[in-house]
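Notes for the one structure printed next.
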Amino acid sequence: MRPTVRYRRIAGLDGLRALAVLSVMVFHFAPQVLPGGYVGVDIFFVLSGFLITTLLVREFRARRAVSLSRFWVRRARRLLPALGLVVLVCTAAAGLVGGDLLVGIGAQVAGAATFTSNWVYIAQGSTYSGGLAPQIFANLWSLAVEEQFYLVWPLVVLAVLALRITRRRALVLAGVLAVGSAVAMAVLYSPGTDPTRVYFGTDTHLFGLMIGAFLSFWHLRTGRPTLVREAPRTTTRRGTLFVVGAGIAGAAVLVVAMLWMPWDDGITYRGGLFVVSLATAGVVNLVLHAPGLGKQLDRGPVGWVGARSYGLYLWHWPVFVLAAALAGGGGLYASPGPWVALAATVVTFGAAALSYRYVERPVMGRGLGGYVRTVVAWLRRGASGRNPLPVRGWLTVGGVVVVVGLAVTGFVRAPAISSVEAQIRAGAEVAALTQQPAGEAPAAPAPDAAPVPAEPAPETPAVAPTSPPGDQVTIIGDSVTLASAPALTAALPGVLIDGAVARQMKDAVGLVEAVRAAGNLRPYVVLSLGTNSTVDAAMMDKVLAAIGPDHTVVLVTGYADRSWVPVTNAELVGAAQRHGNVVVADWSGAISSQPALLGPDGVHPTSEGTSLYAGVVSGGLAQAVALRGP
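For the sequence shown, our numbering begins at 35 and goes up steadily by one.
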């Protein structure tokens, strides 16, 4: 299944691949260094859309037909061997390490094998920016999007070519699909919430691939061998200025996006990624018109990295997650430290180089059958007598058996839920026990009715206020509250905890009304809903009005490396300044100085961290007592 028509490589594209993969790696290993490095994926999308469409057009022009079976076989040769190696080796390593790494490993491997990883993660409710369990193959979401494109788009291109649809209509088709996908992303995106659905979705993240296809159709000229045997040329000064200007402007946009466009910011999904894709097309177009520039981009280490970019992308995330787990935690926003990132980088480059040298290139050149025959011949080289394999052959076979065995063991040992999920579930059980109908809780004096001593002593120093009795406190919170429920009940005996996973402040009015209807809205109300979404002043005023001025409110700041959390925390402080019955308990300030007390997701506290959380809430309640006064 070798290509029917051979073509000269397009200079410069390996350099762009190197830029894309290195930006993604820096973003994953040290997101604070390159907050927008994730746009490297969109660079890959544009390159893929352009190259796949160009290859199909080239073959059709050379043979007046396109063999889809040959196309798909070539794609399988290029993608599957390296992917299978990564999945097998990293699953085996996860089986050896154990723990949370194995949660959902079956679904992850199934998604990798069927190129549906993006939809598997969406169906599971996983989040790209973190999660209750580490997703060792989370980076395969983009490969799934590309493979789904490879499956469907060739049929569309073949129809366009076979039906002799005009170039203008082909451009309209690609443009409409690109714009439609970008609009779908903008419409389905909900500001201040996790954007994983629109980021992972093929429907909402198709525009980069289609912009690449648009660029390929743009260079399609009737009766001219453009992109078949020669580079495109501009024939006017205006055209040259446009190509150069668009390329330089595109490069500038990419730099700005990588440095200043956070993954979870609203502008990213309301046109930001679409503009990045257009900018990439401008850079690619400049490289096409200036092959000398492309050759410079492909030289030296940059070209080496670009040629191995696929392997680097496959290996870097699983290796990083494994290294982080061995170091005691980690994730996209909970990096365990620079040494882990450095070790992951070294291992990633080594693994990608070996994969390229001994798997990817041989399979592309000889086919899978030829590659297997070559490996078998190498294993048997030097065999003599009755021994069918030499020592190196037996060692290799034994190593493969061990790796497969560890991978199978990983499937068998996989826990149903992660340690963080187990902690939240245990906390939810404790919280459920605190919710009793009104009147059943033990009676306690009102927090503002301090006992009067029989013989007051004027010389006695003032006593700092303490937290009110727990049976005067209602806590309405999210999963962080649930994870900390045992510590909260220990610090505030009799407290009522109403918590649930993924709660947001916009739901607080309904939650307060439900708690009041059950007779459980006590004099002191703690709201801990600052993690999962942003708020504004109007929303906070509505929430506090629903609680009422006769209650004293403690607003707990949220902590997570998400763009909306600082905005939310600022609004909580502003609400306390506007309302006389509100104080702030600064969980963000307390935990930011002790990040080791956070779990592997960088959001939920560990067992020790829950004690700190309970102390922050108790401190806020002590302020509330002082605010409420006698």
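Built from N, CA and C at the ideal position, the CB exists for glycine as well. Only a predicted model underlies this, so the values are computations on that prediction, with no experimental measurement involved.
Here's the rule: buried if 16 or more other CB atoms are within 10 angstroms of the residue's CB, otherwise exposed. What is residue i?
i: Asp-48; result: buried
i: Gly-337; result: buried
i: Val-67; result: exposed
i: Pro-229; result: buried
i: Thr-148; result: exposed
i: Ile-282; result: exposed
i: Leu-81; result: buried
i: Pro-487; result: Residue placement at Pro-487 is flagged as unreliable, the pLDDT there being 42, under the threshold of 50; a coordinate-derived value is accordingly withheld.
i: Gly-365; result: For Gly-365, the pLDDT reaches just 45, beneath the cut-off of 50, and the residue's location in the model is therefore unreliable, although a value from the coordinates is still provided. Label assigned to Gly-365: buried.
i: Pro-335; result: exposed
i: Gly-432; result: exposed
i: Val-410; result: exposed
i: Leu-322; result: buried
i: Leu-545; result: buried
i: Ser-600; result: Here residue 600 is Pro; the residue named in the question, Ser, does not match the sequence. The residue is exposed, with fewer than 16 neighbouring Cβ atoms inside 10 Å.
i: Val-406; result: exposed
i: Arg-198; result: exposed
i: Ile-301; result: exposed
i: Asn-566; result: buried
i: Tyr-347; result: buried
i: Ser-641; result: exposed
i: Leu-293; result: exposed
Three-state secondary structure (DSSP) at residue i?
i: Leu-68; result: coil
i: Leu-655; result: helix
i: Gly-133; result: helix
i: Leu-561; result: strand
i: Ala-619; result: strand
i: Thr-200; result: coil
i: Thr-500; result: coil
i: Thr-523; result: helix
i: Val-568; result: Inspection of the sequence shows that residue 568 is occupied by Thr rather than by Val. Coil.
i: Thr-230; result: helix
i: Thr-703; result: Since the first residue of the chain shown is 35 and the last is 664, residue 703 is not available in this structure.
i: Thr-161; result: strand
i: Thr-260; result: Residue confidence for Thr-260 is low, a pLDDT of 40 falling below 50, so the modelled location carries little weight and cannot support an answer.
i: Met-573; result: helix
i: Val-100; result: coil
i: Thr-302; result: helix
i: His-585; result: coil
i: Leu-555; result: coil
i: Ile-86; result: helix
i: Phe-445; result: helix
i: Ala-128; result: helix
i: Asp-541; result: helix
i: Asn-173; result: coil
i: Arg-43; result: coil
i: Tyr-647; result: helix
In this structure, what does DSSP give as the bridge partners for residue i?
i: Pro-639; result: Leu-632
i: Val-590; result: Ala-619
May I ask which residues mark the beginning and end of the alpha helix (DSSP H) holding residue i?
i: Gly-401; result: 395-414
i: Gln-666; result: Lying outside 35 to 664, the shown extent of the chain, residue 666 is not represented and no answer is given.
i: Ile-139; result: 139-148
i: Asn-603; result: 598-612
i: Asn-152; result: 151-158
i: Pro-352; result: 343-361
i: Arg-51; result: 47-63
i: Met-373; result: Reading off the sequence shown, one finds Trp at residue 373, where the question assumed Met. Element bounds for Trp-373: 372-389.
i: Ala-450; result: Neither: Ala-450 is in no alpha helix (DSSP H) and is coded neither H nor E.
i: Gln-330; result: 325-331
i: Arg-271; result: 271-294
i: Leu-423; result: First-last for Leu-423: undefined, no H or E at that position.
i: Trp-252; result: 241-252
Which residue marks the beginning of the beta strand (DSSP E) containing residue i, and which one marks its end?
i: Thr-508; result: 507-511
i: Asp-532; result: 530-533
My assumption, with CB atoms under 8 Å, is that residue i sits in contact with residue j. Please give the rounded CB distance.
i: Arg-400; j: Thr-408; result: 6 Å
i: Tyr-184; j: Arg-109; result: 5 Å
i: Glu-605; j: Ala-571; result: 6 Å
i: Ile-625; j: Leu-646; result: 7 Å
i: Val-437; j: Leu-50; result: Incorrect: roughly 34 Å between the Cβ atoms, too far for contact.
i: Phe-308; j: Phe-241; result: 6 Å
i: Asp-298; j: Ser-513; result: Between Ser-513 and Asp-298 the Cβ distance is about 18 Å, and since that is not below 8 Å, they are no contact.
i: Arg-556; j: Gln-506; result: 5 Å
i: Trp-187; j: Ile-86; result: 7 Å
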